[in-house]
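Colleague:
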Amino acid sequence: MTESAQTPSFVSPEGRRIAFHLTEGVGPAVVFLGGFKSDMEGTKAIHLEAWAKSAGRAFLRFDYSGHGESGEVFTDGAIGDWFEDACAAIALIDGPVVLVGSSMGGWISLLVSRAMPEKVAGLVTIAAAPDFTEDSMWAGFDEAQKAELAKGQVALPSDYGEPYIITRRLIEEGRQRLVLRDPLPLPFSVRFLQGTADADVEMSVALRLLAHAEGGDMRLTLVDGADHRFSDDDCLALIVTSVEEVLARAG
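In terms of the UniProt record's numbering, the sequence shown has 16 at position 16, counting the first letter as 1, and numbering is strictly consecutive.
#1: For Ser158, does the count of other Cβ atoms within 10 angstroms reach 16, so buried, or fall short, so exposed?
#2: Which residue spans inside the region 161-185 form an unbroken alpha helix (DSSP H) run of at least 4?
#3: Where are the alpha helix (DSSP H) runs, 4 residues long or more, that stay fully inside the region 61-91, in chain order?
#4: Since Ser65 contacts Asp85 with CB under 8 Å, what's their CB separation in whole angstroms?
#5: Which word fits Thr2, buried or exposed, when buried means at least 16 other C-beta atoms lie within 10 angstroms of its C-beta?
#6: So what does DSSP say about Phe20, is it helix, strand or coil?
#7: Rounded to a whole number of angstroms, what is the C-alpha to C-alpha distance between Glu118 and Pro185?
#8: Which word fits Ser204, buried or exposed, when buried means at least 16 other C-beta atoms lie within 10 angstroms of its C-beta?
#9: Bridge partners for Met218 per DSSP, in chain order?
#10: Under a Cβ-count criterion, where at least 16 other Cβ atoms within 10 Å of its own Cβ denotes burial, should Ala248 be classed as buried or exposed?
#11: By how many angstroms is the C-alpha of Ser136 removed from the C-alpha of Gly225?
#12: Do the region 96-107 and the region 240-247 touch if we need at least three Cβ pairs shorter than 8 Å?
#13: Could you tell me how far apart the beta carbons of Thr133 and Gly174 are, in whole angstroms, since I believe they sit closer than 8 Å?
#14: Grab me the residues of Gly27's own chain with a C-beta within less than 6 Å of its C-beta, minus the 5 sequence neighbours each way, in chain order.
#15: What does a CB cutoff of less than 6 Å around Ser4 pick up in its chain, not counting 5 residues either side in sequence?
#16: So, under 8 Å CB-CB, Ala89 and Phe20 are touching, yes? Tell me the CB distance rounded to an integer number of Å.
#17: Measuring CB to CB, does Gly105 end up less than 8 Å from Gly34?
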């Protein structure tokens, strides 16, 4: 384990440097998985960390490769890489975890849940975006964009700053990681959270996920007027309440 700018990091089995912050406490540990091109310094991650410290709860936040303080270049990455990064980060924790996945992190958390259900004690997703590279990006490209992508990459406008550079590898590799096409057992308590004013992930995605996944304790909560950031005081309180409920049911 190394130190970079006072942020601890480790090298994953795939050779990528992953920055993280791990708060010691009782388990199951809560693990926050961030969104596409976001980082572990976001409002939701920091709010959950503060809650975990006050509750004496173990908590992990980390940056995927190509994100935040971790190594690698963003445009070299793909869903599978970030899934591997998440698995490597979760391996830092002994015992079960409760995953909190935001946007793309919702997709990653579902991949983790499918790959290691014995490790996952519960799941909370926030504006989950499963399969977005295929169902949102690729499905939304016009012929000119698809032709541009075939050459290597295409730029998409973003409401969050500079354009997103979408690579051919991101789209093609994402097809190997889809979760809404095959059975998706979630054998633990699950809470899906979704805002009705989300301009990035439509409510139909949340409804499709709820209908597709299989589990004995799954609930979807729609918040009227909440946007994709899902970070105002009420939304943050709902996230904490949902995590506490899943933890309570995890025993």
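Built from N, CA and C at the ideal position, the CB exists for glycine as well.
Modeller: The structure says:
#1: Along the sequence shown, one-based indexing puts residue 158 at 158. Burial call: exposed.
#2: If we require 4 residues or more, the alpha helix (DSSP H) runs fully inside the region 161-185 come out as 168-174.
#3: Restricted to the region 61-91, the alpha helix (DSSP H) segments that are unbroken, complete and at least 4 residues in length are 79-90, listed in chain order.
#4: Start at 1 with the first residue of the sequence shown, and residue 65 comes out as number 65. Start at 1 with the first residue of the sequence shown, and residue 85 comes out as number 85. Right, the Cβ-Cβ distance comes to about 5 Å (below 8 Å), so this counts as a contact.
#5: Taking the sequence shown and counting its residues from 1, the one referred to as residue 2 is at position 2. Caution is warranted here: a pLDDT of 40 is assigned to Thr2, below 50, making its placement in the model unreliable, and the coordinate value is therefore given only provisionally. Answer is exposed; the Cβ neighbour count stays below 16.
#6: Looking up residue 20 in the sequence shown gives position 20. Looking at Phe20 - three-state DSSP - the assignment turns out to be strand.
#7: Reading the sequence shown from its first residue, position 118 is the one you call residue 118. Reading the sequence shown from its first residue, position 185 is the one you call residue 185. Rounded to the nearest whole angstrom, the C-alpha separation of Glu118 and Pro185 is 12 Å.
#8: Within the sequence shown, numbered from 1, the residue matching residue 204 stands at position 204. Within 10 angstroms of the beta-carbon of Ser204 lie fewer than 16 other beta-carbons, which makes it exposed.
#9: The residue labelled residue 218 in the question sits at position 218 within the sequence shown. According to DSSP, Met218 bridges with Val190.
#10: As a position in the sequence shown, residue 248 is number 248, starting the count at 1. Per the 10 Å Cβ criterion, exposed.
#11: Walking along the sequence shown from the start, residue 225 turns up at place 225. Walking along the sequence shown from the start, residue 136 turns up at place 136. CA-CA distance, Gly225 to Ser136, rounds to 22 Å.
#12: By the Cβ test, the region 96-107 is in contact with the region 240-247, since at least three Cβ pairs between them sit closer than 8 Å.
#13: For the purposes of this step, residue 133 is identified with residue 133 of the sequence shown, where counting begins at 1. For the purposes of this step, residue 174 is identified with residue 174 of the sequence shown, where counting begins at 1. At roughly 3 Å, the Cβ-Cβ gap stays under 8 Å, so Thr133 and Gly174 are in contact.
#14: Working through the sequence shown from its first residue, we reach residue 27 at position 27. Excluding the 5 residues flanking it on each side, Gly27 has same chain C-beta neighbours closer than 6 Å at Ala58, Gly95, in chain order.
#15: By one-based count along the sequence shown, residue 4 stands at place 4. With a pLDDT of 43 at Ser4, under the threshold of 50, the predicted position of this residue should be treated as unreliable, and no value is reported.
#16: For the purposes of this step, residue 89 is taken as the residue at position 89 of the sequence shown. For the purposes of this step, residue 20 is taken as the residue at position 20 of the sequence shown. Cβ-Cβ separation between Ala89 and Phe20: approximately 6 Å, consistent with a contact (criterion under 8 Å).
#17: Residue numbering aside, residue 105 sits at position 105 when the sequence shown is read from its first letter. Residue numbering aside, residue 34 sits at position 34 when the sequence shown is read from its first letter. Contact flag set, yes.
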